[in-house]
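Structure first, then comments.
2 protein chains.
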Amino acid sequence: MTARRRGDLFDPECPTRQLLDRVGSKWTAMCVLVLDETGTELRFSELKRQMSGISQKVLTETLRALERDGLLTRRVEPTSPPRVHYGLTARGQSLAAPLRQLRWWAEENMPGVDDHRRLYDRKRAR
Amino acid sequence: MTARRRGDLFDPECPTRQLLDRVGSKWTAMCVLVLDETGTELRFSELKRQMSGISQKVLTETLRALERDGLLTRRVEPTSPPRVHYGLTARGQSLAAPLRQLRWWAEENMPGVDDHRRLYDRKRAR
DNA sequence: CAGAATCCTGCGAGATACTG
DNA sequence: CAGTATCTCGCAGGATTCTG
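One line per chain: the protein sequences are A and B, in this order. Just so it is clear: in the first sequence, position 29 is 29 by this note's numbering, and no numbers are missing. Every number in this note's numbering is 1000 more than the matching position in the second sequence, counting from 1.
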């Protein structure tokens, strides 16, 4: 494995920044969480249905990126029409853990954040 | 607190999505992590220095957004020139915990991800 | 069914200049 | 020092069409 400076959040090459760029891309985290929650492999159309709102193009791109990162596997059944199954790798599953934490935090705290936003906006309004 | 549907990752109003949008915005997580790591309040210029690469405009926007969310406090010393201190609120500190987890994961796994990317690209090249 | 190929648009974010 | 106020641009991501 390539060595990287640890704890250097200020380096653009910093792993944390790279991860946040990835996780920040609108659908990545959701994709990992859906697969993790399901526990099994999912087919393209099943994923698309569950991630409502995503376009085919973007889903394809998201899956390719995750496959490239080694976070999920792509398995093609050579039937006609083809069936393609996506599942998390071990590393993908390990990423799901911190993402679940984040999700937990969000569910606990976002409503409060929302309220604070409203208060803040009301104050600034006058 | 406003009630929200839990576990509905598919709803655009879902708290997890909202959080990921926020965390995904390039500098937010880094800002929280820097303040958390420091443990004390930081002044605008200190923050700017530590988050190397960020522009004044974007730092201001980031801080405003976090203040609006109730994740950090803004304290102005009415001197001339003014000194402005930023610090995490309790909720901001609680967000730092899952972010640290993510950071930990990144430091452990991103080098491996990098290697996988290179392998993947080499295969696709031919 | 699972995509590939295009075209198009909004907005996040950088650069620059000015101020109390 | 700690901001506002503009201008600009790239590109993530959406819509649409076509295919093995």
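Where a beta carbon is used, it is the ideal one built from N, C-alpha and C, also for glycine. Keep in mind the model is a prediction, meaning the values are calculated, not measured.
As DSSP reads the structure, residue 88 of chain A sits in a beta bridge with A/72. At a cut-off of 8 angstroms between beta-carbon atoms, residue 46 of chain A makes no contact with chain B. Between the segment 1090–1100 of chain B and the segment 99–108 of chain A, the count of Cβ pairs shorter than 8 angstroms is three or higher; the stretches touch. At the C-beta level, residue 84 of chain A and residue 74 of chain A come within 8 angstroms of one another.
Residues of the segment 1046–1071 of chain B whose Cβ lies closer than 8 angstroms to any Cβ of chain A, in chain order: 1050, 1051, 1052, 1053, 1067, 1068, 1069, 1070 and 1071. Boundaries of the alpha helix (DSSP H) around residue 31 of chain A: 28–38. Distance between residue 117 of chain A and residue 1021 of chain B, taken at the CA atoms: about 15 angstroms. At least 8 angstroms separates the CB of residue 73 of chain A from every CB of chain B. Using a Cβ-Cβ cut-off of 8 angstroms, residue 1095 of chain B is close to 105 and 109 of chain A, given in chain order. Against chain B, the CB of residue 86 of chain A has no partner CB under 8 angstroms away; the residue lies outside that interface. The beta-bridge partner set that DSSP reports for residue 77 of chain A consists of A/83. Per DSSP, the continuous alpha helix (DSSP H) segment holding residue 1045 of chain B begins and ends at 1044–1050. Between the segment 1036–1049 of chain B and the segment 43–56 of chain A there are fewer than three C-beta pairs closer than 8 angstroms, too few to call the two in contact. DSSP, read as helix, strand or coil, puts residue 55 of chain A in coil. A distance below 8 angstroms separates the beta carbons of residue 1071 of chain B and residue 1088 of chain B. With fewer than 16 other CB atoms across the displayed protein chains lying within 10 angstroms of its CB, residue 40 of chain A is exposed.
Secondary structure at residue 1041 of chain B: coil, using DSSP grouped into helix, strand and coil. Interface flag for residue 1024 of chain B against chain A is set, since a Cβ pair is found closer than 8 angstroms. Taking residue 23 of chain A as the centre and dropping the five residues before and after it, the same chain places the C-beta of 29 closer than 6 angstroms to its C-beta, in chain order. Distance check between residue 61 of chain A and each of A/120, A/25, A/77 and A/124 places A/25 closest, using alpha-carbon atoms only. Scanning A/112, A/122, A/69 and A/13 for the CA closest to the CA of residue 1069 of chain B turns up A/112.
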